[in-house]
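Protein chains in written order, with my numbering: chain Y, 4 to 255; chain C, 4 to 255; chain H, 4 to 255. Think of the CB as a built atom: it goes at the ideal place given N, C-alpha and C, for glycine as much as any other residue. Here the structure is a predicted model, which means the values were calculated and not measured.
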Amino acid sequence: MQTKPIVLLTDFGWSSYVGAMKGVILSHCPHAQIIDLTHDVAPQNVREGAWFLLVNYLYFPPGSIFLAVVDPGVGTRRKALAIKTKDYYFLGPDNGLLSPAAARAGIVDTVELTVPPEASLTFHGRDVFAPAAAKLAAGLPFRELGKPVVPEVNFAFYLNGREGEVVTIDRFGNAITNIPPLPDRRKYAVSLARGGKSYFRSELPFCPAYALAPEGVLFLITGSSRTLEISVKNGSAASRLGVEVADRVAIV
Amino acid sequence: MQTKPIVLLTDFGWSSYVGAMKGVILSHCPHAQIIDLTHDVAPQNVREGAWFLLVNYLYFPPGSIFLAVVDPGVGTRRKALAIKTKDYYFLGPDNGLLSPAAARAGIVDTVELTVPPEASLTFHGRDVFAPAAAKLAAGLPFRELGKPVVPEVNFAFYLNGREGEVVTIDRFGNAITNIPPLPDRRKYAVSLARGGKSYFRSELPFCPAYALAPEGVLFLITGSSRTLEISVKNGSAASRLGVEVADRVAIV
Amino acid sequence: MQTKPIVLLTDFGWSSYVGAMKGVILSHCPHAQIIDLTHDVAPQNVREGAWFLLVNYLYFPPGSIFLAVVDPGVGTRRKALAIKTKDYYFLGPDNGLLSPAAARAGIVDTVELTVPPEASLTFHGRDVFAPAAAKLAAGLPFRELGKPVVPEVNFAFYLNGREGEVVTIDRFGNAITNIPPLPDRRKYAVSLARGGKSYFRSELPFCPAYALAPEGVLFLITGSSRTLEISVKNGSAASRLGVEVADRVAIV
Chain Y
4 MQTKPIVLLT DFGWSSYVGA MKGVILSHCP HAQIIDLTHD VAPQNVREGA
54 WFLLVNYLYF PPGSIFLAVV DPGVGTRRKA LAIKTKDYYF LGPDNGLLSP
104 AAARAGIVDT VELTVPPEAS LTFHGRDVFA PAAAKLAAGL PFRELGKPVV
154 PEVNFAFYLN GREGEVVTID RFGNAITNIP PLPDRRKYAV SLARGGKSYF
204 RSELPFCPAY ALAPEGVLFL ITGSSRTLEI SVKNGSAASR LGVEVADRVA
254 IV
Chain C
4 MQTKPIVLLT DFGWSSYVGA MKGVILSHCP HAQIIDLTHD VAPQNVREGA
54 WFLLVNYLYF PPGSIFLAVV DPGVGTRRKA LAIKTKDYYF LGPDNGLLSP
104 AAARAGIVDT VELTVPPEAS LTFHGRDVFA PAAAKLAAGL PFRELGKPVV
154 PEVNFAFYLN GREGEVVTID RFGNAITNIP PLPDRRKYAV SLARGGKSYF
204 RSELPFCPAY ALAPEGVLFL ITGSSRTLEI SVKNGSAASR LGVEVADRVA
254 IV
Chain H
4 MQTKPIVLLT DFGWSSYVGA MKGVILSHCP HAQIIDLTHD VAPQNVREGA
54 WFLLVNYLYF PPGSIFLAVV DPGVGTRRKA LAIKTKDYYF LGPDNGLLSP
104 AAARAGIVDT VELTVPPEAS LTFHGRDVFA PAAAKLAAGL PFRELGKPVV
154 PEVNFAFYLN GREGEVVTID RFGNAITNIP PLPDRRKYAV SLARGGKSYF
204 RSELPFCPAY ALAPEGVLFL ITGSSRTLEI SVKNGSAASR LGVEVADRVA
254 IV
């Protein structure tokens, strides 16, 4: 009998750390359906991980259990959380990683996971979160995972304005922002800044599809997260602009 | 009840784009068996993706559904295809990606996938191909995926001669060609060219196994696709030769 | 009916070589549960692969079948092995890759896999090990995989002293050793050497958790394998020290 999917998101790359978590899951729940959302979150970049979770959770079937580990604070007093929302479960550290997705999904209940005494101080993904996710998939009632708690760290991505940030850069060199497109706009005056200093300011055309853009020209496009991306056809906008994750973006 | 495997091939790297496609598949077909063929196709390199599909599809069980996305033309009028062959299904853009494998597998029927009105113009892997593959796995009759069509873009790899190309370079630095080995040949006169200009011409020994080659010497070997590879033991032939995918190779 | 997991470990990266192995497994055992332990073993680094297997196998459920391929000797007379231990199976080349894990797991029986006549000389992962693992998962008795044999290559990691080696470097730049921590030690005098020459010697503080370390300072920590790691908070100890896998480490 197949269980609800356990969906993994980490900053571990495709290392054996991921494999160890899968082994632990199968040891607790032999029929678990384990799916990788991504492990390519930049090391320790909680905010990038939170973005991937936020824009992708809805593509998974109701009941899915998201096990997210971007956890620079492992071994400190930061809490280990399990959040139950209307349709999903989210497990991960209390550092904001889960908060944008869980808030949008509609939080119903939150517990602090019990940390087994034999857990390491360096790898709660394997020793705390994986066993909890597996037990949940195997049928353990949510409240038996720990005791009720209020998360300490919350943040939200600002999603409705003309100012935002570069939330990730993809393999094609697209600089992906959290700014939604404006209707019927053919050009955007875009400004990029880092550390309070503007380093790029220009008017960029809008293209509906990558292939429709002229060769070699920076342009804006509505990306697959339904937010604005800065792109170059057959090239890397990110390396051309020198843009980095967390740079500020403004439509001026 | 387990379904036929859905086998993914993309140029997305191991990003959340792949994870989103898996979520969509499970949403439409909760018991889908999802297998990654590879996501390390060089960005937008349709020809490399077509090669991986061609030389690997036969290792999968009959009934397998290949979902292939290397799709620089997404959002244009290029069609979204599903091809039924004697033993397999191939879904992907009409840009040649599917054509060498599908032709060899024996095409029985081809439809143009219906594009849902809410599909993005940037990510048909998630919005068009993944739902179609999942519905097929869940039992939808092939013809209900769309209307019959004749593919527009076809290409074949030239596989029976002495001239060919570098189809991919693997992690070990082997430059893999599409030229089949000649029987009982101990040496090959090899020439490499790019943009019509020859940049390498030499006689190379043939070795049956990597470990049998002398240290530090370029040699030819019959690779795992049963075509010629240029290799160096414990080194990278590709970086030593400066060879790139799509360079022309001739046995002279 | 789901079978015992087949757990893959290779040095193939996330290339189509891995996908081909999965296709072969499904062709022989349609309901196989295939799990990736890791494919990021450095190319041809048998010792690093052996370490990953050693420190992770115990996280998998009893009955798991480990299919490990780091195989620079493919195509030579090196044997293809299947080892049965008290709770697990290990399949891979006879080059030491399996030996530390299998020895610790308690070897019960070993056979030399029969090599099918049509197997390539370059890819036994696909042509020899994958079919054998799949048949075992599908219920073939162990002894029908081949004939009894004594492995030729064995090595062990030295795990109980004050001298050891860098066994791997992770994505966060932690240099992971095989030296177990000493109890109640607050500082360690550490020396690093390569090719018999010492290139680093210093006293390093011990921290129980990454986040508790002071910024920018090299420190030691008990890592997730319960051995000592050299780390820098929010930085790469490996690039700061210029340390490489196989460098010698001594606590002096």
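Check whether residue i and residue j have beta carbons under 8 Å apart
i	j	result
H/S123	H/D130	yes
Y/W54	Y/T171	yes
H/A213	Y/T125	The question names Ala, yet the displayed sequence has Tyr at residue 213 of chain H. Result yes, Cβ atoms of H/Y213 and Y/T125 sit closer than 8 Å.
Y/L70	Y/L84	no
H/P96	H/R80	no
H/A159	H/I68	no
H/S201	H/L195	yes
Y/G104	Y/L56	Note that residue 104 of chain Y is Ala in the sequence shown here, rather than Gly. The answer is yes: Cβ separation under 8 Å.
H/L223	H/A178	no
H/V277	H/G167	Here chain H has residues from 4 to 255 only, and residue 277 of chain H is not among them.
Y/G52	Y/V21	no
C/L215	C/A240	no
C/G176	C/G238	yes
H/L148	H/V114	yes
C/H31	C/A137	yes
C/P65	H/L29	no
C/K236	C/F145	no
Exposure label - residue i; buried when at least 16 CB within 10 Å
i	result
H/S242	exposed
H/Y91	buried
C/L185	exposed
C/H127	buried
Y/V27	buried
H/N157	exposed
H/P75	buried
H/G205	Here residue 205 of chain H is Ser; the residue named in the question, Gly, does not match the sequence. Exposed, by the Cβ-count rule.
Y/K190	exposed
Y/V10	buried
C/D14	buried
Residue i versus the options, residue with shortest Cα-Cα distance
i	options	result
C/E247	C/S228, C/V255, C/G26, C/F203	C/F203
C/T41	C/A212, C/D173, C/A253	C/D173
C/V77	Y/D250, Y/L244, Y/T225	Y/T225
Y/P183	Y/L70, Y/T88, Y/L84, Y/I254	Y/I254
H/E155	H/Y213, H/P134, H/Y62, H/S102	H/S102
H/P33	C/T6, C/S205, C/I233	C/T6
C/V169	C/D14, C/T230, C/L100	C/T230
H/P8	H/Y20, H/E166, H/D187, H/A35	H/A35
H/M24	C/V220, C/V58, C/L221, C/G199	C/V58
H/T180	H/V193, H/D187, H/R189, H/R188	H/V193
C/F209	C/S228, C/S234, C/G198	C/S234
Y/I38	Y/L116, Y/Q47, Y/G199, Y/L12	Y/L12
H/G99	H/V49, H/A137, H/R146	H/V49
C/D250	C/G199, C/Q47, C/P211	C/G199
Y/Y60	Y/P120, Y/P211, Y/K89, Y/E218	Y/K89
C/V44	H/P46, H/E121, H/S19	H/S19
Within chain Y, the residues that residue i reaches when beta carbons sit closer than 8 Å
i	result
C/A135	Those within 8 Å of C/A135 in chain Y number zero; the least Cβ separation is about 15 Å.
C/R129	Y62, S227
Proximal chain H residues relative to residue i, where beta-carbon distance stays under 7 Å
i	result
C/A187	Note that residue 187 of chain C is Asp in the sequence shown here, rather than Ala. Under the 7 Å cutoff, chain H gives no residues; its nearest Cβ is about 16 Å from C/D187.
C/T230	Ordered by position in chain H, no residue passes the 7 Å Cβ test against C/T230, which lies about 11 Å from the chain.
Interface partners of residue i on chain H, CB under 8 Å
i	result
Y/R50	By Cβ distance, chain H contributes nothing, its closest Cβ being about 15 Å from Y/R50, past 8 Å.
Y/P46	R174, F175
Interface partners of residue i on chain C, CB under 8 Å
i	result
H/L2	Outside the shown range of chain H, which is 4 to 255, sits residue 2 of chain H, and nothing can be said about it.
Y/N237	Q47, P75
Proximity test, residue i beta-carbon vs the ligand SAH heavy atom, cut-off 7 Å
i	result
C/R165	Only the bare structure without any ligand can be found here, which leaves the ligand SAH out of the picture.
Cross-chain neighbours of residue i in chain Y, by beta carbon under 7 Å
i	result
C/S30	Y62, F63, P64
H/F55	S19
Neighbouring residues, chain C, relative to residue i (Cβ below 9 Å)
i	result
Y/G226	S123, T125, F126
Partner residues on chain H for residue i, Cβ-Cβ distance less than 9 Å
i	result
C/L40	S19, V21, G22, A23, K25, G26
Residues from the region 114–126 of chain C in contact with chain Y, defined by Cβ distance under 7 Å: S123, L124, T125, F126
Contact residues within the region 72–105 of chain H, judged by C-beta distance below 7 Å to chain C: P75, G76, V77, G78, T79
Near-chain C residues of the region 4–26 of chain H - C-beta to any C-beta below 9 Å: Q5, D14, F15, G16, W17, S18, S19, Y20, V21, G22, A23, M24, K25, G26
Any residues in the region 172–187 of chain C with a beta carbon nearer than 7 Å to a beta carbon of chain H? Which ones, in chain order? D173, R174, F175
Tell me which residues of the region 192–220 of chain H have at least one Cβ-Cβ distance to chain Y shorter than 7 Å, keeping chain order. P211, A212, Y213, A214, L215
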